[in-house]
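Going line by line, the protein sequences match chains A and B.
Just so we're aligned: the first sequence equals residues 1 to 160 in my numbering.
Just so we're aligned: the second sequence equals residues 161 to 320 in my numbering.
For each residue, glycine too, the CB sits at the ideal point set by N, CA and C.
Predicted model only: the values in this text are computed from it and were never measured.
Data block below; observations after.
Protein chains: 2
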Amino acid sequence: MKLDKRDLQILAILQEEGRITKSELAARISLSPAACWDRLKRLDQAGFIKGYHAEVALEKIAPASQFLVQIELESHQAADFQRFEDAMQVIPQVVRCVAVGGGVDYFIEIVARDVSAYQVLIDQILESRIGVKRYFTFVVTKPVKESPPPLELLRGEGDD
Amino acid sequence: MKLDKRDLQILAILQEEGRITKSELAARISLSPAACWDRLKRLDQAGFIKGYHAEVALEKIAPASQFLVQIELESHQAADFQRFEDAMQVIPQVVRCVAVGGGVDYFIEIVARDVSAYQVLIDQILESRIGVKRYFTFVVTKPVKESPPPLELLRGEGDD
DNA sequence: AAACACTACCGAAGATTCTTCGGATTACTG
DNA sequence: CAGTAATCCGAAGAATCTTCGGTAGTGTTT
Numbered sequence: 001m002k003l004d005k006r007d008l009q010i011l012a013i014l015q016e017e018g019r020i021t022k023s024e025l026a027a028r029i030s031l032s033p034a035a036c037w038d039r040l041k042r043l044d045q046a047g048f049i050k051g052y053h054a055e056v057a058l059e060k061i062a063p064a065s066q067f068l069v070q071i072e073l074e075s076h077q078a079a080d081f082q083r084f085e086d087a088m089q090v091i092p093q094v095v096r097c098v099a100v101g102g103g104v105d106y107f108i109e110i111v112a113r114d115v116s117a118y119q120v121l122i123d124q125i126l127e128s129r130i131g132v133k134r135y136f137t138f139v140v141t142k143p144v145k146e147s148p149p150p151l152e153l154l155r156g157e158g159d160d
Numbered sequence: 161m162k163l164d165k166r167d168l169q170i171l172a173i174l175q176e177e178g179r180i181t182k183s184e185l186a187a188r189i190s191l192s193p194a195a196c197w198d199r200l201k202r203l204d205q206a207g208f209i210k211g212y213h214a215e216v217a218l219e220k221i222a223p224a225s226q227f228l229v230q231i232e233l234e235s236h237q238a239a240d241f242q243r244f245e246d247a248m249q250v251i252p253q254v255v256r257c258v259a260v261g262g263g264v265d266y267f268i269e270i271v272a273r274d275v276s277a278y279q280v281l282i283d284q285i286l287e288s289r290i291g292v293k294r295y296f297t298f299v300v301t302k303p304v305k306e307s308p309p310p311l312e313l314l315r316g317e318g319d320d
């Protein structure tokens, strides 16, 4: 499915303002609400929009710290990766997990009340026999920037 | 401002389904739409909700790769940190930047078309005299998990 | 215990928005 | 220059939003 300039505008706007009214969205891209509706429906059904989320001010609800953790596995069979990934899926405090190339196997991101809560969690992970050989922790001391990806910049000149 | 169980439910639901209708949200927490409205308005005005965002399927729009980069600065004066952080703010491809403790100074996350586009960007950063001493790149080979923080788990038993 | 303030709740109803529909316009195609 | 497809529009019923006045419960003061 091809996306034109207007479709990209829609996605870019929704990335920033997920709860904008459809009328306002239509006005932003200089279209009638009905035409905008057609496009939005099409984009949605084609799977370009994975979902909508509220960004909650975690720090106002409770004390919370973030930790970035490098993970190296003991063994690198397909089954070992699978076991580790399955384990990450079921731990709520693990808010993100990516496999990487470049010296280690995974980066995970953990949210915990404080350092000691983090330590308890990490100890549990280590003792649960999911094949973690080594890990290294980075405490997030300051969130500097967080912004959605620039949709326009990813497209070359000749793209449809 | 104090949050009761219902307020947390509201935030948790909105985190997952940012575009749920307010009537449906009210039904979920067993409240009338009007009562739910009061709470939502209160939460919003008190700044518990930073915003709403659509989650866009980047990979369907254009080829895109993610890179995690460890950054070490040459010098650690307050002004040096500031200059680096200011530089990160204005580069759209830098979708995230956090200061960390644990051997390096920053972690940044970059979205680029491919490895060569990433390399061009990194080279620009290095040549722009913002004090980067060393960096190390991890290519994201597989996004394993991505989920919002578990609001309930961060609260101890005695919290209000 | 009565009076008061405070909070959270509800139902009703006008205002706004959503969503569908049929038809007009434009652009590409054989 | 038909024919087809895609995109657009206005109108209008359906659904939702948002406000408002009023009720019930709770804790405090007198």
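Residue(s) in a DSSP beta bridge with residue i
i, result
"residue 257 of chain B", "A/145, B/268"
"residue 130 of chain A", "BP columns for residue 130 of chain A are empty, so no partner."
"residue 280 of chain B", "Per DSSP, none; premise fails for residue 280 of chain B."
"residue 298 of chain B", "B/228"
Boundaries of the beta strand (DSSP E) in which residue i is found, first to last residue
i, result
"residue 153 of chain A", "Unbroken run through residue 153 of chain A is the alpha helix (DSSP H), 151-154; no beta strand (DSSP E)."
"residue 54 of chain A", "49-56"
Assigned secondary structure, residue i (DSSP; H/G/I helix, E/B strand, else coil)
i, result
"residue 2 of chain A", "coil"
"residue 225 of chain B", "strand"
"residue 237 of chain B", "coil"
"residue 30 of chain A", "coil"
"residue 243 of chain B", "helix"
"residue 90 of chain A", "coil"
"residue 20 of chain A", "coil"
"residue 274 of chain B", "coil"
"residue 262 of chain B", "coil"
Cβ of residue i within 9 Å of any chain B Cβ
i, result
"residue 41 of chain A", "no"
"residue 53 of chain A", "yes"
"residue 97 of chain A", "yes"
"residue 61 of chain A", "yes"
"residue 45 of chain A", "no"
"residue 132 of chain A", "no"
"residue 161 of chain A", "Absent from the model: residue 161 of chain A. The displayed extent of chain A is 1 to 160, so no value can be given."
"residue 19 of chain A", "yes"
"residue 58 of chain A", "yes"
"residue 79 of chain A", "no"
"residue 33 of chain A", "no"
"residue 126 of chain A", "no"
Whether residue i touches residue j by CB criterion (9 Å)
i, j, result
"residue 72 of chain A", "residue 155 of chain A", "no"
"residue 95 of chain A", "residue 276 of chain B", "no"
"residue 213 of chain B", "residue 59 of chain A", "no"
"residue 25 of chain A", "residue 13 of chain A", "yes"
"residue 65 of chain A", "residue 113 of chain A", "yes"
"residue 62 of chain A", "residue 210 of chain B", "no"
"residue 33 of chain A", "residue 41 of chain A", "no"
"residue 265 of chain B", "residue 296 of chain B", "no"
"residue 68 of chain A", "residue 260 of chain B", "yes"
"residue 167 of chain B", "residue 199 of chain B", "yes"
"residue 143 of chain A", "residue 310 of chain B", "no"
"residue 19 of chain A", "residue 207 of chain B", "no"
"residue 298 of chain B", "residue 81 of chain A", "no"
"residue 140 of chain A", "residue 300 of chain B", "no"
"residue 87 of chain A", "residue 125 of chain A", "yes"
"residue 290 of chain B", "residue 278 of chain B", "no"
"residue 89 of chain A", "residue 305 of chain B", "yes"
Residue i CB to nearest heavy atom of the ligand ADP below 8 Å
i, result
"residue 195 of chain B", "Annotation note on the ligand ADP: not contained in the displayed structure, which lists no ligands."
Extent of the continuous alpha helix (DSSP H) run through residue i
i, result
"residue 204 of chain B", "193-205"
Residue-chain proximity (residue i, chain A), Cβ-Cβ < 9 Å
i, result
"residue 233 of chain B", "no"
"residue 300 of chain B", "yes"
"residue 165 of chain B", "no"
"residue 280 of chain B", "no"
"residue 315 of chain B", "yes"
"residue 187 of chain B", "no"
"residue 309 of chain B", "yes"
"residue 226 of chain B", "yes"
"residue 252 of chain B", "yes"
"residue 174 of chain B", "yes"
"residue 249 of chain B", "yes"
"residue 243 of chain B", "no"
"residue 266 of chain B", "yes"
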